[in-house]
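Numbering (this note's numbering), first residue to last: 8 to 375.
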């Protein structure tokens with residue numbers, strides 16, 4: 008390809024949508040000598056900080072979400088749709104992309120619709136076993152669909168669907184978070200990594216804190232806990248009071264490295280997190296976020312549990328005593344952990360980002 012290949016990646020706001028887009032962008036840069044990539048989202052601080060750290064250009068439109076909102080917020084979001092499509096059209100006209108890839112989230116809708124109106128190649132990447140409403144709508148008009156789960160509902164049987172797995176980004180360029188005291192993953196103790204996602208999860212934070220207090224011999228464990236901003240001080244103080252070898256931080260930029268060293272992961276069931284831990288082959292206790300759109304996290308978790316790769320606990324059933332019992336049982340049963348790890352590894356598709364990038368390049372080559 009003589010002239011630069013130009014690609015817009017639309018969507019974001021949360022890491023679950025944004026990180027797969029970054030992973031595909033990284034793979035495109037690896038596979039093409041001359042490529043320009045522009046991310047289009049809503050311009051949240053998280054998007055700005057993350058994309059700037061990875062060195063990607065980004066633009067914003069005025070789109071807002073409607074799912075789970077009140078009447079006034081839904082009306083406001085509806086009013087913004089025409090303006091968002093107009094903004095997206097201006098960005099597309101100026102950038103002149105060869106293809107637009109939607110990675111989910113409400114900001115991807117206006118950009119993909121504008122691209123379709125303008126005759127530009129379009130594709131979507133669906134991270135979850137239950138597609139979000141934006142991708143369910145867009146799947147009817149785009150040229151290519153990439154899915155993470157073979158069982159992805161409503162999309163897996165479409166003729167232009169490709170099962171690639173969920174793209175996983177390279178290690179974050181941001182510095183690792185320094186830990187207090189001993190090395191958080193020294194390999195000398197049973198290391199548990201807890202994360203409720205980039206914003207944290209209060210129910211998981213409380214249950215884990217209660218569970219750690221009930222562990223029979225706390226000296227056997229190392230705890231790495233991503234708490235989110237709201238609970239960091241409380242969780243950290245609790246661990247210090249118990250004398251546990253623990254590191255509690257609002258957010259870890261080096262999460263992929265911590266995942267590699269963990270013996271057990273306790274987390275939500277977002278597609279990005281599941282893709283990372285299955286690629287590594289890690290046993291996990293999954294607590295699906297109960298208010299996720301269309302209950303998609305429960306479907307994600309069930310896909311792993313049904314293959315013996317994880318244990319799922321509903322958020323409403325999550326208690327300190329139950330979690331403590333499960334943690335101690337898994338620590339004392341390395342054979343079960345190995346079986347779970349093997350099942351997780353067979354589920355993982357670590358080369359997903361390369362597969363998506365190759366398909367995008369092939370689609371563009373056919374249409375140039």
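Backbone N, C-alpha and C fix where the C-beta goes; we use that ideal spot for every residue, glycine too.
About 7 Å separates the beta carbon of residue 356 from that of residue 171, a gap short enough to meet the 8 Å contact definition. Distance between residue 253 and residue 270, taken at the CA atoms: about 15 Å.
Less than 9 Å divides the Cβ of residue 197 from the Cβ of residue 229.
In summary, residue 148 is exposed, with fewer than 16 beta-carbon neighbours lying within 10 Å of its beta-carbon over all protein chains present. Between residue 68 and residue 46 a beta carbon distance of about 11 Å is seen, past the 8 Å cut, so the two are scored as non-contacting. Minimum Cα-Cα distance from residue 246 among the listed residues 316, 220, 263, 265 corresponds to 220. In this chain, the alpha helix (DSSP H) harbouring residue 31 covers 22 to 38. In this structure, the straight-line span from the alpha carbon of residue 44 to that of residue 110 is close to 14 Å. DSSP places residue 17 in the uninterrupted beta strand (DSSP E) bounded by 12 to 17.
A straight-line Cα-Cα distance of about 7 Å links residue 103 and residue 13. In the three-state DSSP reduction, residue 294 falls in the coil class, being neither helix nor strand.
The alpha helix (DSSP H) runs lying completely inside the stretch 129 to 178 and spanning 4 residues or more are 140 to 145, given in chain order. Residue 215: member of the alpha helix (DSSP H) spanning 209 to 221, first to last residue. DSSP, reduced to helix, strand and coil, places residue 369 within a helical segment of the structure shown. For residue 122, the enclosing alpha helix (DSSP H) covers residues 115 to 124. In the three-state DSSP reduction, residue 265 falls in the helix class (H, G or I).
The beta carbons of residue 155 and residue 135 sit closer together than 9 Å. The secondary-structure analysis by DSSP pairs residue 233 across a beta bridge with 202, 256. The closest CA to that of residue 273, considering only 199, 152, 366, is found on 199.
Three or more Cβ pairs closer than 8 Å define a contact, and the stretch 361 to 372 falls short of that threshold against the stretch 302 to 315.
Close CB contacts of residue 32 within its chain, under the 7 Å cut and outside five residues either way in sequence, are with 16, 44, 63 (chain order).
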